[in-house]
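Chains as they are written, first to last, in our numbering: chain A, 408 to 691; chain B, 408 to 691. Below is one structure, written out as structure tokens; the observations come after it.
There are 2 protein chains.
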Amino acid sequence: MTDAQWYTEQFELSGSSIGFRVTGKLEEVQSPFQKIEIWDTTDWGKLMVIDGAIMLTSRDNFLYHEMMSHPVLFTHSNPKRVVIIGGGDCGTLREVLKHKEVEHAVQCDIDEQVTRLAEKYFPELCESNGDPRAELLWDDGIAYMRNCAPESVDIVIVDSTDPVGPAEGLFNEAFYASCVKALRPGGILVQQSESPLVHLGLIRAMRHHMAAAGFSDFRTLPFPQPCYPTGWWSCTLARKGGELAGFRERGAASKTFPTRYYSADVHRAALVLPEFVKQGLREE
Amino acid sequence: MTDAQWYTEQFELSGSSIGFRVTGKLEEVQSPFQKIEIWDTTDWGKLMVIDGAIMLTSRDNFLYHEMMSHPVLFTHSNPKRVVIIGGGDCGTLREVLKHKEVEHAVQCDIDEQVTRLAEKYFPELCESNGDPRAELLWDDGIAYMRNCAPESVDIVIVDSTDPVGPAEGLFNEAFYASCVKALRPGGILVQQSESPLVHLGLIRAMRHHMAAAGFSDFRTLPFPQPCYPTGWWSCTLARKGGELAGFRERGAASKTFPTRYYSADVHRAALVLPEFVKQGLREE
């Protein structure tokens with residue numbers, strides 16, 4: 408929904424809306440998969456919208472991209488091979504490649520147009536696309552994980568849209584089973600898991616399906632994200648074999664690359680769940 | 408701004424908006440000070456709006472009220488006398504009175520109509536108004552603090568609207584100097600301090616004025632708050648004499664009253680500032 412000056416997304420499920428003041432639409436592309444719009448805003452830089460859903464702004468995407476990458480990478484003891492499913496804007500890929508231990512990172516998004524528009528309007532997110540360790544694919548992420556060589560991957564990052572429409576198949580047991588198969592023992596899946604305030608049932612269901620698929624331990628980390636419903640979001644980690652207790656705190660504290668949100672202290676803090684979230688996740 | 412089904416607030420300063428799906432306006436009162444509206448929503452219970460600004464919803468106010476009260480109360484070694492400036496919806500008062508050490512809590516809001524409407528539409532927030540330790544005043548908070556007996560108060564909670572209009576005088580050095588005078592040594596002021604994402608300059612200015620007025624140490628604690636700009640908010644603590652390091656962790660961990668967001672772990676986590684906030688507050 409737009410009026411002359413604002414782009415507003417009304418979230419049916421949560422009964423709330425978020426909007427940004429815009430100065431105009433810069434581009435609209437109908438790809439084979441979805442409609443992608445780029446807007447210019449007065450205070451949030453560029454805004455990307457896919458099928459009417461706000462995806463990211465220049466100003467606040469660092470929160471999401473840092474939390475989708477650094478916690479899982481500093482939790483794994485030695486992350487060499489990373490697969491990103493979705494993530495076509497390349498922001499997660501950029502963060503992943505900040506980790507020198509990573510030898511190979513595949514980004515598999517179904518829609519090449521998302522990346523082409525990111526290159527044009529969010530070039531800062533694409534600055535590591537030429538890294539020799541990076542491999543950009545435009546293909547079906549579900550098929551990619553199904554066909555992945557067994558025990559060939561250390562980390563799978565599911566950086567997708569909401570679990571309705573094309574991304575629905577990234578939230579079920581069959582997909583998680585593919586991930587379990589592709590991961591080496593001790594490997595970790597991380598997935599964006601919506602708002603702890605309005606989607607606790609979804610997080611519970613995700614963890615249930617992950618467990619049924621063979622993952623052995625789980626952690627949900629909340630973080631602020633102004634452009635998503637309620638302004639408060641989360642990612643959920645699931646490990647193949649063993650527990651998900653702790654992370655490489657010394658590695659995180661002595662990291663040699665800059666971050667704007669993430670730090671070892673922030674990571675430790677994100678592992679603390681508010682009372683109602685703790686209680687809600689227990690009700691399984 | 409409203410259309411048939413949504414109440415939306417557009418924030419000029421942040422260039423973003425937040426809205427709730429509504430089923431209708433339940434009441435509108437023009438008090439001597441401001442226009443107060445109560446709306447019914449589909450998913451957030453009741454919604455209170457003052458002069459067009461969203462104040463609270465039934466669903467998410469617990470985040471704000473718990474974070475405006477429990478961190479400061481568990482930081483003070485022995486909080487007996489508490490003053491709340493603003494807070495007319497009585498939600499902060501209710502949380503304060505959960506602490507048995509509190510012997511007297513004054514709530515001084517300029518507008519009695521806010522409390523009358525809270526009693527009617529947010530009765531759960533007013534359930535401690537009859538507590539013999541509670542004193543409800545409807546008066547000018549600035550004058551109240553100016554006239555307070557010196558060294559008579561342990562904690563001042565400034566639970567006000569934004570620093571424009573009537574609440575502007577609650578964010579300057581003169582007001583903070585009144586608070587310093589009224590507080591006992593070691594006493595603590597806590598004030599809502601807007602969004603760390605878009606109002607860092609304001610938080611810096613607040614801390615600067617607090618220091619100029621004689622406060623000796625400061626902590627800013629972020630927390631999620633869906634109904635306020637960016638969905639991410641903060642409170643800032645300032646102490647009269649001594650440092651603000653740590654809190655009564657054992658007391659918080661063994662508290663005998665229920666909370667939905669706050670816990671000793673959440674308190675510790677809230678003391679961790681994201682990198683860009685830490686850096687932004689340093690630039691003074």
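From the three backbone atoms N, C-alpha and C, an ideal C-beta is built for every residue, glycine too. From a predicted model like this one, the values you see are computed outputs, not experimental measurements.
Between Ser641/B and Glu601/B the beta-carbon gap is near 7 Å, inside 8 Å, which marks them as a contact.
Bridge partners of His511/A according to DSSP: Arg488/A.
Taking C-beta separations shorter than 6 Å and ignoring five residues to either side along the sequence, the partners of Gly687/A in its chain run Leu607, following chain order. Closer than 7 Å at the C-beta level to chain B, one finds these residues of the segment 590 to 620 of chain A: Leu604. At a cut-off of 7 Å between beta carbons, Phe683/B contacts chain A. In this chain, the beta strand (DSSP E) harbouring Gly431/B covers 423 to 437.
Between Cys634/B and Ile461/B, the C-beta gap is smaller than 7 Å, which places the two residues in contact. Counting C-beta pairs with one atom in each stretch, the segment 532 to 547 of chain B and the segment 505 to 514 of chain B have three or more that are closer than 8 Å, which means they touch. Between Lys685/A and Thr637/B, the alpha-carbon positions lie close to 24 Å from each other. The beta carbon of Thr666/A is closer than 7 Å to those of Glu473, His477 in its chain, skipping five residues each way along the sequence. Annotation for Arg655/B: Phe481 place their beta carbon closer than 6 Å to its own, counting only its chain and skipping 5 residues before and after.
Within the same chain, and ignoring the five residues on either side of Phe440/A in sequence, the residues whose Cβ sits closer than 7 Å to its Cβ are Ile517, Asp518, Pro573. Not one beta carbon of chain A lies nearer than 7 Å to the beta carbon of Ser465/B. A direct Cα-Cα distance of roughly 11 Å separates Arg540/B from Lys505/B. Taking Met475/B as reference, the option from Thr430/B, Val679/B, Pro681/B, Tyr668/B with the minimal CA-CA separation is Tyr668/B. Within the model, the alpha-carbon separation for Gly576/B versus Asn554/B is close to 15 Å. Annotation for Ser641/B: the continuous beta strand (DSSP E) segment containing it runs 639 to 646. Going by DSSP, Ile610/B is part of the alpha helix (DSSP H) stretching over 607 to 620. Identification of residues in the segment 624 to 644 of chain A having a C-beta nearer than 7 Å to some C-beta of chain B yields Pro631, Pro633, Thr637, Gly638, Trp639, given in sequence order. By alpha-carbon distance to Phe469/B, the top candidate from Gly452/B, Asp458/B, Ile457/B is Gly452/B.
Rounded to whole angstroms, the gap between the alpha carbons of Arg689/A and Phe683/A is 10 Å.
Val560/A is bridged by DSSP to Leu590/A. Residues are counted here when their Cβ sits less than 8 Å from a Cβ of chain B; for the segment 419 to 438 of chain A these are Ser421, Gly422, Ser423, Ser424, Ile425, Gly426, Phe427, Arg428, given in chain order.
Residue-level contact by beta carbon fails for Val503/A and chain B, as no gap is shorter than 7 Å.
In this structure, Gly426/B sits near Tyr414/B, with a CB-CB distance shorter than 7 Å. By the 16-neighbour rule on beta-carbons within 10 angstroms, Arg614/B is buried. For the pair of segments examined, the segment 589 to 605 of chain B was found not to touch the segment 428 to 443 of chain B: the number of CB pairs separated by less than 8 Å stays below three.
Between the alpha carbons of Arg657/B and Ile491/B lies a distance of about 25 Å. The residue among Thr627/A, Ala618/A, Leu609/A, Ala676/A with its C-alpha nearest the C-alpha of Leu420/A is Leu609/A. Beta-carbon to beta-carbon, Arg626/A and Gly593/A are separated by about 15 Å, too far to satisfy the 8 Å threshold.
Residue pairing by DSSP places Phe418/B opposite Ser423/B in a beta bridge. Nearest CB-CB separation between Asp450/B and chain A: below the 7 Å threshold. The criterion of a C-beta distance shorter than 7 Å is satisfied by Ala676/A and Ala676/B. In terms of Cα proximity to Leu651/B, the closest of Ala612/B, Ala620/B, Val673/B, Leu596/B is Leu596/B. Ranked by how close their Cα comes to the Cα of Pro629/A, the residues Thr464/A, Phe529/A, Pro681/A have Pro681/A in first place. According to the DSSP assignment, Ala677/A belongs to the alpha helix (DSSP H) that extends over 671 to 677.
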